[in-house]
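Same order as they appear, the protein sequences are chains A and B. Note that the first sequence covers residues 7 to 306 in our numbering. Note that the second sequence covers residues 99 to 732 in our numbering. Ideal placement from N, C-alpha and C gives every residue a C-beta, glycine not left out. Treat the numbers as computed from the prediction; the structure is a model and nothing was measured.
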Amino acid sequence: MHSLTALDQLEAEGIHIMREVAAQFERPVMMYSVGKDSSVLLHLARKAFFPAPIPFPLLHIDTGYKFPEMYEFRDAMVEKIGAKLIVHRNEAAIANGANPFELGTQRCCGFLKTQALLDALAAGAYDCAIGGARRDEERSRAKERVFSFRDKFGQWDPRNQRPELWNVFNGKVNKPESIRAFPLSNWTESDIWDYILREQIPVVPLYFAQKRTMIVRGEQLIPVGSGGAGSLKQEETKEVMCRYRSLGCMPCTGAVLSNATTLEAIVEEMTLVRISERATRVIDHDADGSMETKKREGYF
Amino acid sequence: MSSASANSSPTKDPELVRFSTAGSVDDGKSTLIGRLLFDSGNVYDDHLAALEKSSKGNGQSESTVKGSALSLALLTDGLKAEREQGITIDVAYRYFATNKRRFILADAPGHEQYTRNMATAASTAQVTIILVDAEKGVLNQTRRHAFIAALMGVPRLLVAINKMDLVGYDQKRFEAVRDQFLEFAPKLGIKDLRFIPVSARDGDNIVTASAHMPWHTGSTVMDYLETIYVKGDANLVDFRFPVQYVLRPDAKYRGFTGQIASGMIRPGEEVVVLPSMRKSKVRSIDVFDGAELKHLPEAQPPMSVTLTLEDEIDISRGDMLARPGNVPEIKSQFDALVVWMNDVPMTTTKPYLMRHTTRDTKALINSVAYKIDVNTLGRLPGGILNLNEIGRVSFTTTHSVFLDSYERNRATGSFILIHPETFHTVAAGMVIDRHSKEESLDPSQRNLHTEVSLVTQSEREVRSGRKARTLWLTGLSGSGKSSIARALERKLFEDGVQIYRLDGDNLRHGLNKDLGFSQKDRGENIRRVAEVAKLFNDAGVTVVCAFISPFERDRQQAREIIGTERFVEVFMNTPLEVCEKRDPHGLYRKARSGEIAEFTGVNSPYEAPKMPEISIDTGHLTIEQAVEVLVKAI
Ligand SMILES: Nc1nc2c(ncn2[C@@H]2O[C@H](COP(=O)(O)OP(=O)(O)O)[C@@H](O)[C@H]2O)c(=O)[nH]1
């Protein structure tokens, strides 16, 4: 007998949660956002059911503003493992030209992410959506349950959550109420990278440092050439060695200065970083507590 | 993130330690947690900056120097609404790492009403840290926190005696508080108990040793967390594998997935399947390594694996694999300590859904033997449990469950109760080992083992959809017992309840026609009625009895025969004058004139019930209203 490491335990817990979802729900779906957390999620799902296929489809909420590398990676990955992928876009809002510069990040997310997500979940009549959110990401997530109850509008009420003890999860709902399940609840950003390294999980190349041409605005490195970046064209660009810590929509995702070109280097970098992951994302800077507001409305 | 001991290089593959914290409001719990995080380099700069901004925004005057007490407390703060009220109300999880270990902290607030949250936080903890204010010493709440940690099976308790700066870092004060704690702690049976004097605000003995308390030669809080021996926490003896999900990708492969709850397993070892008791051998322990299926030489808790067996046996979710010589108890009747977690109080009339490991069943609550006063740790009489109450409860389940005592096995000794309609998680239960603890105080429990029928009580009750009751209407002649009993029977019948009425009409003329009205005969009459009512109840039929039953002793006997959890004593509280005035059959007149001997109220006494479940004043209620009261009550 050997003693299990922290990663072994987190993996065991993640797989357990995946299987609970498959066992407890009629129509589960797994959110796949193509980022590093999604990559780990997908890996755990494969582990949970192999040699059987993953017993639920993957759902990508596409805002149309994702990095081209993400679309490429997504399609290649799904092809490779033979998973079923559903892509959902809020076509009406996209046709209306929804963008964060005119609407503000909050409202843009509201249309392209939250609304799209709620529509997609309703259209599929999914009773459970698995997400890759981690409790350490943001303050309001610290109290999130592993099985998070959502009312019939997909909304989250922090005061109306079920107590969760041991590893016993209560997924019973009166439809159209639903559950959001979070197998990575107890993982930190460091754990994610340690695990990706250990398991050699493929991730989008944007996570690795390389020379990129970026708009440098104060501390922020903003990608050039994204759909909505027209309003930024006066700003000066620079070629810098950088990488993305977190991947979202191009107009709202910043990069960080970094020389980490390998998984080992990223893991090393994680032990030194002084700034939280979310700080590199523009989206959370709107207002204090904005994540909580979005979550209440149905965001992941 | 950087770590406490920046000089030593990080342990490769660190262990995980889960702990919870508890403390009364203002004991400094948030400050202590903030200190742990901050002094170990686990706070991001931008988080700290945001907190400093928001403490200013709150109009707080306290300084916002990095690491000041206020910001530290805010670090552990959660949701917006709660922040506005200045309180935290739920369990919040924190994650941090040092060079030695990875930590998961479940932080529960210290308010009176949050037993529920504390129990939740402690359910997975390997250590609980309890904060005590050195000035205030041990409070009721301290006792409660320690009790809950013990109840939830947390193997170690660290008592951090805080605000030592306010007592001049006085060793005597520390020892006095420690001794207060030791007065009650031994009876909680906590295996490992430690005390550390700290000043959370200034960081003394949190991560760095205190210069103010050289007399404390023990470890700091962080040292303690980094060095406790947690490897021994897992039960490696009793192999238990609750089957979670069955994999059948093709006709050849059949894999049983699950998380190993306890014990070790290797290929070739014999296993037995509960409840079918079929035996087989483990063919392989499978995991996926990202490229292909890998077979493991052994597996241990809490690994999530897939087992394949040598023989084709029908196994599904909710079954359990164990070793033939070491199986859990297979039970449909058992006792547990229960923490009630919902605003809606417990009911004993409808079954709850019980989830025990991966197994679901319906569970009826038979009775609550006693409640535990979490402040004094004394016992209170049973009844029903309300939010945040803890008690010893006896259950009957539709399907058998595979139980170990919680003391021995946290995974197979625990369960949750789910409300059958709202699906809320309403309670958490910890199975009591009948052999090691005293027998239930509930006398109805003693009969459970005499059951010989192949159809269990719970099965009947589940079929009839309710727990059958006996409504025992007692009162003077003319108090309205019979009219109300008849109306009630009609009403419940229409509501679809299986109901039968017993009164003098249908018993005195047949079964009891050999009996008169002497005290002795009245007693025998009531005894027989009670036995009949019990049989009806056993068959799932609710009974309404209408008998004068004037003697307390006889009614008490009926209660014992029928079972106190089924027996509902209803007192027809109508004054003698009213009854006599009504005199529907002219009996009072006859009694007064001496034509009837031993007539209750006239020449034989009526002992009014001292503590009836329901009391009905028929002088003021119509029959319909009285019926409504009774229908509501059951
Ligand atoms: N003097 C002193 N005050 C402290 C200490 N620890 C916390 N406090 C103060 O006690 C108050 C309550 O602390 P807080 O951490 O919010 O308590 P909680 O309610 O247990 O979370 C705050 O004003 C803290 O600054 C300490 O070690 N010494």
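Inter-residue CB distance, residue i and residue j (contact presumed, cutoff 8 angstroms)
i, j, result
"threonine 445 of chain B", "arginine 415 of chain B", "Not quite, the Cβ-Cβ distance comes to about 28 angstroms (not below 8 angstroms), so this is no contact."
"alanine 120 of chain B", "methionine 216 of chain B", "5 angstroms"
"proline 253 of chain B", "lysine 198 of chain B", "Going by Cβ atoms, the distance from proline 253 of chain B to lysine 198 of chain B rounds to 19 angstroms, so no, they are not a contact pair."
"proline 63 of chain A", "isoleucine 92 of chain A", "5 angstroms"
"phenylalanine 279 of chain B", "valine 257 of chain B", "6 angstroms"
"leucine 212 of chain A", "valine 273 of chain A", "The Cβ separation is near 17 angstroms, so there is no contact."
"threonine 459 of chain B", "histidine 497 of chain B", "4 angstroms"
"glycine 177 of chain A", "cysteine 134 of chain A", "6 angstroms"
Rounded separation between residue i and residue j - CA only
i, j, result
"glutamate 311 of chain A", "glutamate 281 of chain B", "Any property of residue 311 of chain A remains undetermined from this structure, which presents chain A solely from 7 to 306."
"alanine 644 of chain B", "lysine 679 of chain B", "20 angstroms"
"threonine 494 of chain B", "glutamate 270 of chain A", "55 angstroms"
"phenylalanine 669 of chain B", "proline 443 of chain B", "25 angstroms"
"threonine 662 of chain B", "asparagine 610 of chain B", "24 angstroms"
"valine 642 of chain B", "lysine 181 of chain A", "39 angstroms"
"leucine 571 of chain B", "arginine 192 of chain B", "57 angstroms"
"alanine 731 of chain B", "isoleucine 597 of chain B", "15 angstroms"
"phenylalanine 521 of chain B", "lysine 217 of chain A", "53 angstroms"
"arginine 664 of chain B", "leucine 451 of chain B", "21 angstroms"
"threonine 447 of chain B", "arginine 564 of chain B", "6 angstroms"
"aspartate 331 of chain B", "alanine 283 of chain B", "21 angstroms"
"leucine 334 of chain B", "glutamate 505 of chain B", "14 angstroms"
"serine 577 of chain B", "cysteine 677 of chain B", "6 angstroms"
"arginine 147 of chain A", "alanine 129 of chain A", "26 angstroms"
"leucine 394 of chain B", "glutamate 17 of chain A", "16 angstroms"
"threonine 219 of chain A", "glutamate 242 of chain A", "10 angstroms"
"isoleucine 304 of chain B", "proline 207 of chain B", "20 angstroms"
"glycine 621 of chain B", "glycine 684 of chain B", "25 angstroms"
"leucine 780 of chain B", "leucine 574 of chain B", "Residue 780 of chain B lies beyond the range of chain B shown here (99 to 732); nothing can be said about it."
"leucine 515 of chain B", "asparagine 486 of chain B", "14 angstroms"
"alanine 309 of chain B", "arginine 292 of chain B", "20 angstroms"
"tryptophan 313 of chain B", "methionine 418 of chain B", "53 angstroms"
"phenylalanine 79 of chain A", "glutamate 85 of chain A", "10 angstroms"
Test: residue i CB closer than 8 angstroms to a CB of chain A
i, result
"arginine 544 of chain B", "Its pLDDT being 32, under 50, arginine 544 of chain B is placed unreliably by the model, and nothing is read from it."
"glutamine 342 of chain B", "yes"
"glycine 132 of chain B", "no"
"arginine 254 of chain B", "no"
"threonine 406 of chain B", "no"
"arginine 200 of chain B", "yes"
"asparagine 105 of chain B", "Confidence at asparagine 105 of chain B is low in this model, with a pLDDT of 41, below 50, so its placement is unreliable and the value that follows should be read with caution. With 8 angstroms as the cut-off, asparagine 105 of chain B does not count as an interface residue toward chain A."
"threonine 523 of chain B", "yes"
"methionine 375 of chain B", "no"
CA nearest to the CA of residue i, picked from the options
i, options, result
"isoleucine 202 of chain B", "A:Asn180, A:Leu13, A:Gly137", "A:Leu13"
"arginine 588 of chain B", "B:Lys565, B:Ser575, B:Thr640, B:Ser647", "B:Thr640"
"arginine 567 of chain B", "B:Ala631, B:Arg561, B:Asp348, B:Leu323", "B:Ala631"
"glutamate 408 of chain B", "B:Lys377, B:Asp290, B:Leu515", "B:Lys377"
"aspartate 137 of chain B", "B:Gly301, B:Gly266, B:Lys110", "B:Gly301"
Chain B contact for residue i (CB, 8 angstroms cutoff)
i, result
"proline 211 of chain A", "no"
"proline 57 of chain A", "yes"
"valine 35 of chain A", "no"
"alanine 98 of chain A", "no"
"threonine 194 of chain A", "yes"
"glutamate 270 of chain A", "no"
"aspartate 142 of chain A", "yes"
Counting pairs of beta carbons, one from the stretch 707-723 of chain B and one from the stretch 590-600 of chain B, are three or more of them closer than 8 angstroms? no
Within 8 angstroms, do at least three Cβ pairs link the stretch 650-662 of chain B to the stretch 579-587 of chain B? Result no; under three Cβ-Cβ pairs closer than 8 angstroms.
Should the stretch 48-61 of chain A be called in touch with the stretch 153-173 of chain A, which here means at least 3 C-beta pairs below 8 angstroms? no
Can you find at least 3 beta carbon pairs, one from the stretch 378-389 of chain B and one from the stretch 432-445 of chain B, that sit closer than 8 angstroms? no
Does the contact criterion of 3 or more C-beta pairs under 8 angstroms hold for the stretch 356-369 of chain B versus the stretch 393-405 of chain B? Result yes; three or more Cβ-Cβ pairs closer than 8 angstroms.
Check whether the stretch 492-511 of chain B and the stretch 408-428 of chain B are in contact - that is, three or more C-beta pairs closer than 8 angstroms. yes
Three CB pairs or more closer than 8 angstroms across the stretch 128-139 of chain A and the stretch 26-40 of chain A: In this structure the stretch 128-139 of chain A touches the stretch 26-40 of chain A; the number of beta carbon pairs closer than 8 angstroms is three or more.
Take every Cβ of the stretch 190-201 of chain A, pair it with every Cβ of the stretch 40-49 of chain A, and state whether three or more of those distances are shorter than 8 angstroms. yes
Is the number of C-beta pairs between the stretch 268-283 of chain A and the stretch 135-146 of chain B that are closer than 8 angstroms three or more? yes
With three or more C-beta pairs closer than 8 angstroms as the rule, is the stretch 238-248 of chain B touching the stretch 129-142 of chain B? no
Three or more C-beta pairs closer than 8 angstroms, one from the stretch 63-81 of chain A and one from the stretch 247-257 of chain A: is that the case here? yes
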